[in-house]
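See structure below.
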């Protein structure tokens with residue numbers, strides 16, 4: 398009896414070749430060392446956000462909400478990013494940082510900065526070339542040994558009795574050319590803009606990105622760790638512009654970014670304000686920033702309100 402199935406020899410030959418290729422691939426993978434296998438599995442860049450607990454009134458210092466928004470937009474509008482958020486404290490399992498390509502910290506700073514007990518741990522990661530982004534109050538550490546870590550990692554920091562943190566409407570009319578500023582147009586935003594930062598000597602490896610002339614500070618405001626000091630007054634009287642955001646390249650190739658705005662939660666609705674920070678996160682993780690910057694939808698007021706910390 399004749400078979401009702403006609404043998405398609407070219408098709409059978411193709412199937413055989415396909416099977417052989419699969420077997421070769423499997424054999425090759427099993428022969429690879431474990432580190433190489435990890436490299437095959439890890440296809441996306443990992444961004445770890447560490448958000449502090451809210452320390453001000455509703456709509457201010459919304460660290461978790463800001464991190465959640467930025468991580469969501471990175472995950473939804475890039476193809477090669479895996480952004481995760483740890484909130485209210487340092488990650489219990491610090492091993493989650495070991496394979497990070499960049500770390501973003503948005504939290505309170507100063508003497509109570511959550512990073513202080515982990516400075517040596519972080520220093521090892523920075524020496525491996527992990528990127529670091531510090532937002533708003535997170536740029537502040539005490540002067541001296543602690544502050545020097547930030548100088549080494551991101552090129553600058555808020556130094557008490559040297560820097561100041563007034564609220565004013567920052568007008569950024571000239572945007573310099575840099576990967577982080579791609580697609581960012583001149584903008585203005587009322588915020589608590591820290592300035593007169595302590596930078597590396599002669600601004601070595603530091604690139605100012607947001608620069609403006611703050612309102613003049615007079616002697617009528619008392620000196621203090623945050624409000625006023627003679628160094629700021631001198632530059633204010635001379636009309637010297639100040640830097641509110643900057644990029645930094647470490648000698649080992651690692652990258653850092655400091656941004657002093659972020660006190661007001663609603664400023665994330667400002668597309669250029671937000672794009673600058675999103676671009677910076679990509680840049681510190683060594684991800685190519687799109688020619689027009691990372692395009693993301695403007696969050697609505699209801700969306701931002703849904704991200705407010707309800708615990709306080």
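Residue numbers (the numbering used here): 398 to 709. Using N, Cα and C, we set each Cβ at its ideal position, and we do this for glycine too.
I believe residue i touches residue j by the beta-carbon criterion, under 8 Å. Please report the beta-carbon distance rounded to the nearest angstrom.
{"i": "residue 590", "j": "residue 661", "result": "The Cβ separation is near 11 Å, so there is no contact."}
{"i": "residue 499", "j": "residue 529", "result": "7 Å"}
{"i": "residue 653", "j": "residue 645", "result": "4 Å"}
{"i": "residue 533", "j": "residue 657", "result": "6 Å"}
{"i": "residue 531", "j": "residue 655", "result": "5 Å"}
{"i": "residue 682", "j": "residue 577", "result": "Rounded, the Cβ-Cβ distance is 12 Å, inconsistent with contact."}
Can you tell me which residues form a DSSP beta bridge with residue i?
{"i": "residue 566", "result": "587"}
{"i": "residue 603", "result": "645"}
{"i": "residue 480", "result": "444"}
{"i": "residue 609", "result": "639"}
{"i": "residue 552", "result": "Residue 552 pairs with nothing; no bridge assigned."}
Please tell me whether residue i and residue j are closer than 8 Å, where the distance is taken between their beta carbons.
{"i": "residue 643", "j": "residue 553", "result": "yes"}
{"i": "residue 651", "j": "residue 579", "result": "no"}
{"i": "residue 452", "j": "residue 486", "result": "no"}
{"i": "residue 468", "j": "residue 460", "result": "no"}
{"i": "residue 595", "j": "residue 638", "result": "no"}
{"i": "residue 558", "j": "residue 587", "result": "no"}
{"i": "residue 477", "j": "residue 686", "result": "no"}
{"i": "residue 673", "j": "residue 536", "result": "no"}
{"i": "residue 627", "j": "residue 606", "result": "no"}
{"i": "residue 441", "j": "residue 490", "result": "no"}
{"i": "residue 705", "j": "residue 455", "result": "yes"}
{"i": "residue 598", "j": "residue 614", "result": "no"}
{"i": "residue 695", "j": "residue 675", "result": "no"}
{"i": "residue 562", "j": "residue 510", "result": "no"}
First and last residue of the alpha helix (DSSP H) that includes residue i?
{"i": "residue 652", "result": "Per DSSP, residue 652 belongs to no alpha helix (DSSP H); it is in the beta strand (DSSP E), 652–656."}
{"i": "residue 559", "result": "Segment: none, residue 559 is in no alpha helix (DSSP H) and carries neither H nor E."}
{"i": "residue 668", "result": "668–681"}
{"i": "residue 386", "result": "There is simply no residue 386 to check, as the chain begins at 398 and stops at 709 in what is shown."}
{"i": "residue 516", "result": "516–524"}
{"i": "residue 532", "result": "Not the alpha helix (DSSP H): residue 532 falls in the beta strand (DSSP E), residues 528–532."}
{"i": "residue 698", "result": "698–703"}
What are the boundary residues of the beta strand (DSSP E) that includes residue i?
{"i": "residue 446", "result": "442–448"}
{"i": "residue 462", "result": "Taken as a continuous stretch (DSSP letters only), residue 462 belongs to no beta strand (DSSP E), being part of the alpha helix (DSSP H) at 460–474."}
{"i": "residue 500", "result": "499–503"}
Apart from the five residues just before and just after residue i, which ones in its own chain have a Cβ nearer than 8 Å to its Cβ?
{"i": "residue 632", "result": "593, 639"}
{"i": "residue 497", "result": "443, 444, 445, 522, 527"}
{"i": "residue 585", "result": "566, 567, 568, 569"}
{"i": "residue 602", "result": "552, 645, 646, 647, 648"}
{"i": "residue 544", "result": "538, 554, 556, 595"}
{"i": "residue 475", "result": "679, 684, 691"}
{"i": "residue 516", "result": "543, 546"}
Spatial neighbours of residue i within its chain, please: C-beta separation below 7 Å, excluding the five flanking residues on both sides.
{"i": "residue 463", "result": "503, 659, 662, 665"}
{"i": "residue 520", "result": "546"}
{"i": "residue 667", "result": "584, 586"}
{"i": "residue 604", "result": "575, 643, 644"}
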